[in-house]
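Residues are numbered in this note's numbering as their position in the sequence shown, beginning at 1, plus a constant of 6. Backbone N, C-alpha and C fix where the C-beta goes; we use that ideal spot for every residue, glycine too. Since the structure is predicted, the reported quantities are computational estimates derived from the model, not experimental observations.
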Amino acid sequence: MANSSMPSAGSRPAEVRYAETWLRRHGLGDGPPTPLLITRLAVRGRARLLGSVLLAALYILAALAQATDLMATAASGGPWPERPTLLLALSVLIIGLVLARTLLHAWVRRVDRQAGATLARRVAHPVQLGWRTLLGRRYAVLVAGTFAGAIALGVSALAVDDGRVRYTAVVLLVAVAGAGLGVALQLRELLARPVVAEDEVSLTADVIMRIEDARDGNAPSVLLGLPMVLLSGSAPGWWSAASIGFMVLGLAAMIAAHARTPSCADTARHVVGVG
7 MANSSMPSAG SRPAEVRYAE TWLRRHGLGD GPPTPLLITR LAVRGRARLL
57 GSVLLAALYI LAALAQATDL MATAASGGPW PERPTLLLAL SVLIIGLVLA
107 RTLLHAWVRR VDRQAGATLA RRVAHPVQLG WRTLLGRRYA VLVAGTFAGA
157 IALGVSALAV DDGRVRYTAV VLLVAVAGAG LGVALQLREL LARPVVAEDE
207 VSLTADVIMR IEDARDGNAP SVLLGLPMVL LSGSAPGWWS AASIGFMVLG
257 LAAMIAAHAR TPSCADTARH VVGVG
């Protein structure tokens, strides 16, 4: 797997080890990783780590915003609709998360383009990947079901006779709409993304990375936890129980989908026609 088309001097040892581990995990570890794969895998590792940090920060800051607003409301004795601080804070957090995730995806695409531009030759593949190949039927059903469940929880919260719950439900529905737009845009970009490969191994790796980008980027972890995080402590007991059940069922469905869906490597080899 030698590659003389890209310089390797800038590769860090940790990035090389990560690429070697990734290749072995997917059955592509016959030789050392090329600088092309090291570069592409390194940016994906950083993007996923930053995405996890952003998600954790959203949950923590949302909880802090709720606690702060509850204490301020209790201290002033005023009704919540006259203190829209929580709504504003949560809206900023949701918009910030969506924008940050969009920037992370754009960062990965830019690195891929730059890496592909340095190749002396590029391998093309005539098969156009479809959404069933990228996500798989079970993952697609999981994503659709999660969006439907989150929308149902948001709409049901709108019927509660409490200003705080209704306003926060609007934030939840806006977040679901923003997440849905992000999913649609990412899938559209992945379907149209050109192949970045120089040989058979990097071609298979390219398809694997594209499938991983689709499955990891569209994992419904945000939507599963967001209803409970946004409305915990203010929604009625039945609604809180429903949001917990929604999260538990969603996590179980994620585990089942992961277990029963062919791996990214198996799907990629089937598409490329190797192995």
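- By alpha-carbon distance to Leu164, the top candidate from Gly102, Asp222, Val129, Leu237 is Leu237.
- The DSSP-derived three-state label of Arg30 is helix.
- Taking a C-beta distance under 8 Å as the contact criterion, Ser208 and Leu42 qualify as a contact pair.
- Excluding five sequence positions before and after Tyr145, the CB atoms of its chain that fall closer than 7 Å to its own CB belong to Arg221, Ala263, Thr267, given in chain order.
- An exposed status is given to Gln134, since fewer than 16 other beta-carbon atoms sit within 10 Å of its beta-carbon.
- The three-state secondary structure of Asp272, taken from DSSP, is helix.
- Contact holds between the stretch 115–128 and the stretch 27–47, because three or more Cβ pairs, one in each stretch, are under 8 Å apart.
- In terms of Cα proximity to Gly136, the closest of Leu193, Trp245, Asp272, Gly243 is Leu193.
- For Leu148, the uninterrupted alpha helix (DSSP H) segment begins and ends at 143–164.
- For Glu206, the closest of Ala69, Met77, Ala158, Arg127 by C-alpha to C-alpha distance is Arg127.
- If you check the CB distance, Trp113 and Val59 do not come in under 8 Å.
- One Cα belongs to Ile100, the other to Asp118, and the distance between them is close to 28 Å.
- Judged by DSSP in its simplified three-state form, Arg116 adopts helix.
- Residue environment for Pro233: buried (at least 16 other C-beta atoms within 10 angstroms of its C-beta).
- Its Cα nearest to that of Leu141, the residue Ser269 stands out among Arg275, Val278, Ser269, Gly279.
- Around the C-beta of Leu47, 16 or more other C-beta atoms lie within 10 Å, and the residue is accordingly described as buried.
- Within the same chain, and ignoring the five residues on either side of Val22 in sequence, the residues whose Cβ sits closer than 7 Å to its Cβ are Pro39, Ile44.
- The beta carbon of Ala25 sits closer than 6 Å to the beta carbons of Pro39, Leu43, Ile44, Leu47 from its chain, once the five residues preceding and following it are set aside; these are given in chain order.
- In this structure, the beta-carbon distance from Ala95 to Ala71 falls below 8 Å.
- The Cβ atoms of Val201 and Ala69 lie no closer than 8 Å to each other.
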